[in-house]
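These notes concern the structure reproduced below.
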Amino acid sequence: MCRHDLVPDHVTLTTLLSGFTEFDSVNEVAQVHAHVVKLGYDSTLMVCNSLLDSYCKTCSLGLACHLFKHMPERDNVTFNVLLTGYSKEGFNHDAINLFFKMQNLGFKPTDFAFAAVLTAGIQLDDIEFGQQVHSFVVKCNFCWNNFPIT
1 MCRHDLVPDH
11 VTLTTLLSGF
21 TEFDSVNEVA
31 QVHAHVVKLG
41 YDSTLMVCNS
51 LLDSYCKTCS
61 LGLACHLFKH
71 MPERDNVTFN
81 VLLTGYSKEG
91 FNHDAINLFF
101 KMQNLGFKPT
111 DFAFAAVLTA
121 GIQLDDIEFG
131 QQVHSFVVKC
141 NFCWNNFPIT
């Protein structure tokens, strides 16, 4: 028996969004986004982070950036998702700028942020920047984390 009076909650929406990983899923992500807004979850950080991740994974960085700019709240996950999206799509300068913006706003870089910004630096073939990030990694005591750069 299927009940049509059930309304999805933030956990259901987040779980649903985690399944969109292909480029051709962007329309479905946008449809879920419309339901998120309609149901009032567009100010729920977990849902917004999942939407942001889905837009990045479907190569929709324009939509991801628009969402990022309008999010009422952000955390390290928010920045890590967009940093990774930028670096995976080759928007290396944007990734690096966001890395610095993140810190200026008081967010401390995580191993995910370092992996994304190092990927961006590698793609720019900027040895000096890589050395600066390495020094920062050591300073932040992340030098023993084994995190693969993709």
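So in the UniProt record's numbering, the last spot in the sequence shown is 150, and the numbers never skip.
For each residue, glycine too, the CB sits at the ideal point set by N, CA and C.
- Taking all protein chains shown into account, G85 has 16 or more neighbouring C-beta atoms within 10 Å of its C-beta and is therefore buried.
- Cβ contact annotation for E73 (same chain, cutoff 8 Å, sequence separation greater than five): S43, L45, C48, in chain order.
- At a Cβ-Cβ threshold of 9 Å, V117 and S87 count as neighbours.
- Apart from the 5 residues on each side of it in sequence, L98 sits with its Cβ closer than 7 Å to the Cβ of F79, L82, L83, Y86 in its chain, given in chain order.
- Put simply, the backbone Cα of I127 is about 43 Å away from that of A34.
- Closest by C-alpha distance to V11, out of V29, Y41, V137, is Y41.
- C-alpha of T58 to C-alpha of L17: approximately 11 Å in a straight line.
- N27 is classed as exposed because its beta carbon has fewer than 16 other beta carbons within 10 Å across all chains shown.
- Relative to the Cα of V32, the nearest Cα in the group A113, P8, F23 belongs to P8.
- In terms of CA proximity to N141, F114 leads the group F129, C56, G121, F114.
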